[in-house]
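In the working numbering, the protein residues as written are 919 to 1168.
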Amino acid sequence: MTTLLNGRRVLVTGAATGIGAATVDVLTQAGAHVAATFHNTKPADTASASWVHCDVTDPASVDSAFGEVVGTLGGLDVLIHAAGLWAPGVPGHIDTANIHKMIDINFTSTVLTNQAAHAVMRETGGQIINFGSSEGVSGSPISATYAASKAAVHSWSRSVAKAWAADNVTVNTIAPAVETPGANRLREFLGPEAAAQLTQQLKAAIPLGGELGDPATDVGPMLVFLSGEGAKFITGQFLAVNGGLLMVGG
C-alpha cells in the first residue's frame, strides 16, 4: 500500500476521531500527502498530517481552511468529506434544533466542502468522496433526521457528479457500517438491554462476520482505491461498505 497514492494530495475533513482519523493513517501509509481538519476535538496525533481547524458548517471557515490546505499541499487532488454526526431523532418528538443540527452538520457541510474542492479541482480534475449511510436508503425509526440528511447527501452527490463531470471531477458516496463514535452514541441512546438486542440483530443482518467492521481495515482500502488513478472512471455511485447489511444495485 505504500506507493498506491504516492504524491496524491488529499484533504480529509472531520479527521480527529472515528473514520476520519483512520482514513488519515491509511492514506498516509499509502503514500498520500494528507491534510486534515478538526473542529471541537483536537487530533491525538499531529505528525501524520497537516492539520487545520475548520467548522465545516461555516462558509468562511471552509474557505479559509481550503485556502490554507491548498497552500500547504500545493493543490488538491482528493477530498474525503468524513465530517458528520449521528444523533437520535424519533418521529413525533423532533424539534427544529434537531432538524437544523442534522442538516447543517451532515448536508450543508457536504455542499460547502464539495464546492470549495471543486473550485480548486476544476482546472486539473479531482476526486470527491462523501459519506452517506444505509439509513439514508432504508430510513430509521429512531434517527429520522439523520437518515434524511444522509439521503440529501446521496442525491447531492449524484447531482454534482453530473454537473462537474465536464471538469473531470468525480463524486462518489460510500456508506460504511463500522465501529465509530456514532455507533457508540446509538448504543448509549438505546440503553444496555436494547443495545444487546442490536448486537444480536447485527449478527443476523450482516452476512460477513455478523458485526460492524473496522474503519481502517474495512473502509480504508476502499478509500485508497477511490482516491487513486484506478477510480477515475467511476462517478455518481453509492458504494455500500457494510458486510452486506444493505445490498444496493439494479
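Note that beta-carbon positions come from the ideal geometry of N, C-alpha and C, so glycine has one too.
Counting only the Cα atoms, A1066 lies some 35 angstroms from L922.
In this structure, N1032 sits near H999, with a CB-CB distance shorter than 8 angstroms.
Under the DSSP assignment, V930 falls outside any alpha helix (DSSP H), being part of the beta strand (DSSP E) whose first and last residues are R927 to T931.
In the structure shown, L1157 adopts extended strand secondary structure according to DSSP, grouped into three states. If you check the CB distance, H957 and V928 do not come in under 8 angstroms. Under the DSSP assignment, A1034 falls in the alpha helix (DSSP H) whose first and last residues are S1027 to M1039.
Contiguous alpha helix (DSSP H) elements confined to the stretch 1124 to 1155 occur at 1138 to 1144, taking only those with 4 or more residues. The three-state reading of DSSP puts S1061 in strand, counting E and B together. In the DSSP assignment, A1093 falls within the unbroken beta strand (DSSP E) covering V1087 to P1094. Nearest neighbour of T1088 by Cα position, chosen from E986, E1147 and R1103, turns out to be E1147. An exposed status is given to T1135, since fewer than 16 other beta-carbon atoms sit within 10 Å of its beta-carbon. Annotated three-state conformation of L997 is strand, per DSSP. Here I1012 is near A1062, since their CB atoms are less than 8 angstroms apart. G989 sits in a helix when the DSSP states are folded into three classes. Fewer than three Cβ pairs drawn from the stretch 1078 to 1085 and the stretch 977 to 990 lie within less than 8 angstroms of each other, which leaves the two stretches out of contact. The alpha-carbon of G1162 is positioned some 16 angstroms away from that of G1054. F1049 has I1092 as its beta-bridge partners, per DSSP. DSSP, reduced to helix, strand and coil, places V1008 outside both helices and strands of the structure shown, so it counts as coil.
Per the C-alpha coordinates, the member of A1083, T941, F1143 and L1164 positioned closest to H1036 is A1083. When rounded, the separation of the alpha-carbon atoms in D995 and P1110 is 44 angstroms. For F956, the pairing in a beta bridge is given by DSSP as H971.
When the Cα atoms are used, T1014 and T955 turn out to be separated by approximately 28 angstroms.
In this structure, DSSP gives G1044 an extended state, which the three-state scheme calls strand. At a Cβ-Cβ threshold of 8 angstroms, A1123 and S1052 do not count as neighbours. According to the DSSP assignment, P1099 belongs to the alpha helix (DSSP H) that extends over P1099 to L1108. Per DSSP, L945 is one residue of the alpha helix (DSSP H) stretching across G936 to Q947.
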